[in-house]
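So the sequence shown is numbered by the working numbering: it starts at 6 and just counts up by one. First the structure, in the form of structure tokens, and then the observations on it.
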Amino acid sequence: MTRVLVTGAGGFIGHHLVKYLVEKGYWVRGVDIKEPEFEATQAHEFELLDLRRWPCCLQATRGIDEVYNLAANMGGIGFIETHKADVMHDNVLINIHMLEAARLNGVGRFFFTSSACIYPGYLQKSAEVTALKEADAYPADPEDGYGWEKLFSERQCRHYWEDYGLETRVVRFHNIYGPLGTYDGGREKSPAAICRKVALAEDGGEIEVWGDGQQTRSYCYIDDCVEGIHRLMRSDHREPLNLGSDRLVTVNELIDIVEGAAGKKVRRRYDLSKPQGVRGRNSDNTLLRKVLGWEPAITLEDGLGETYRWIHGQLELTGRIGATPVTSGT
Ligand SMILES: NC(=O)c1ccc[n+]([C@@H]2O[C@H](COP(=O)([O-])OP(=O)(O)OC[C@H]3O[C@@H](n4cnc5c(N)ncnc54)[C@H](O)[C@@H]3O)[C@@H](O)[C@H]2O)c1
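In structure tokens, the structure reads:
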């Protein structure tokens, strides 16, 4: 039985990945500084460790064949724009220590989760953006703070392969969303924030939208994400690879779909003073299709329907809205 470590196993993608790998028959150790928030872990072993600290990384990687390193101090645009020093400090320490601990403990494969935030700002100034392909990463002009750290750690993965023969895999996620993700408190991303706002609004009521709603993104559902992670880990591709959807939508279109899932209509109050990130961003999946022979397939309508229903249920559970039936829009 292959013994794998998932770091960040108390977080959104890590928690789903643990479930996926256990179902696939792996023995899984989960590590995080916190327990999963919304349901119990299915990991065979779960340890609370601070992976900024070197001894904790050595402890986490003992007796492990393969590492999926997802731990990171991160959040939506509102969080990473205002916590650049902490984000770079924590994530450099986690990734540098985890790579070296994996090497010393004889780990065979190391998976690093990078981000579309590494792509240059100068390619993302228009809402009608050209989809970003992997080679577009250089000349570098990544998102300040979070994006620079991800790019640095991508390079370090490459050097651990070149200098030590550690098999590294690097994925660049484009906006992963789904149930069991943070939906409130400042670290949430746009799909979860919009689901929460629409769920809390009356039919015909008003929600606040960050920016003018014309900024564009692509969004990838969590079930496609964990499958893509596993496929990339099993592949022989050592260069960074996009993992996302290539369906470009405006934030307004995202809200339209959530309205459909909610069975209500809301008015939109645009706040141009709030952080919006780049103007437009999409994933070019040409290399993904070639390398994995596969690409994400779950529609935004289906994925947002699932996500909306889960967030609505959470808001009911916590008493923030009365128990009302939710109409499916899909
Ligand atoms: N969700 C996305 O759309 C997205 C996009 C691009 C990249 N990523 C990357 O994917 C990975 C997982 O993201 P997520 O969305 O699940 O985020 P998340 O915040 O839900 O999960 C990250 C986890 O890392 C843990 N962590 C932070 N500091 C730690 C420390 N010092 N020691 C141990 N654990 C620590 C957190 O407690 C959290 O549970 C991250 O590396 C993130 O940068 C995510």
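Even glycine gets a Cβ: it sits at the ideal position worked out from N, Cα and C.
Beta strand (DSSP E) runs wholly inside the region 135-216, at least 3 long, in chain order: 172-178 and 211-215
4 or more residues per run - each alpha helix (DSSP H) lying fully within the region 296-335: 305-322
Contact test: D55 Cβ vs ligand 1 heavy atom, cutoff 7 angstroms: yes
Cα-Cα separation between G334 and C200, rounded to whole angstroms: Summary for G334: the model assigns pLDDT 46, below 50, so the residue's position carries little reliability, and this model does not support an answer.
Residue(s) in a DSSP beta bridge with R34: L10 and E50
Separation of I101 from L248, as counted between CA atoms: 23 angstroms
Nearest-angstrom Cα separation, counted from P41 out to L22: 12 angstroms
Helix, strand or coil at V72 according to DSSP, with G and I counted as helix: strand
Coarse secondary structure for T66, derived from DSSP in three states: coil
6 angstroms Cβ shell around G15 - same chain, five flanking residues per side excluded: D37, K39, E40 and P41
Given 8 angstroms, three or more beta-carbon pairs between the region 210-224 and the region 283-294: yes
Counted within 10 angstroms of its Cβ, other Cβ atoms place A90 as buried (16 or more) or exposed: exposed
Identity of the residue in L109, R294, D208 and A76 nearest V97 by Cα: A76
Every unbroken alpha helix (DSSP H) inside the region 230-289 [4 residues or more]: 256-267
G233 versus A121: straight-line alpha-carbon distance, rounded: 15 angstroms
Cβ contact check for the region 131-142 and the region 167-175: 3 or more pairs under 8 angstroms: no
Rounded distance between the beta-carbons of I227 and I18, thought under 8 angstroms: 7 angstroms
Any non-hydrogen atom of ligand 1 closer than 7 angstroms to D37 Cβ: yes
E44 classed as buried or exposed, judged by whether at least 16 other C-beta atoms fall within 10 angstroms: exposed
M103 beta carbon less than 8 angstroms from that of E154: no
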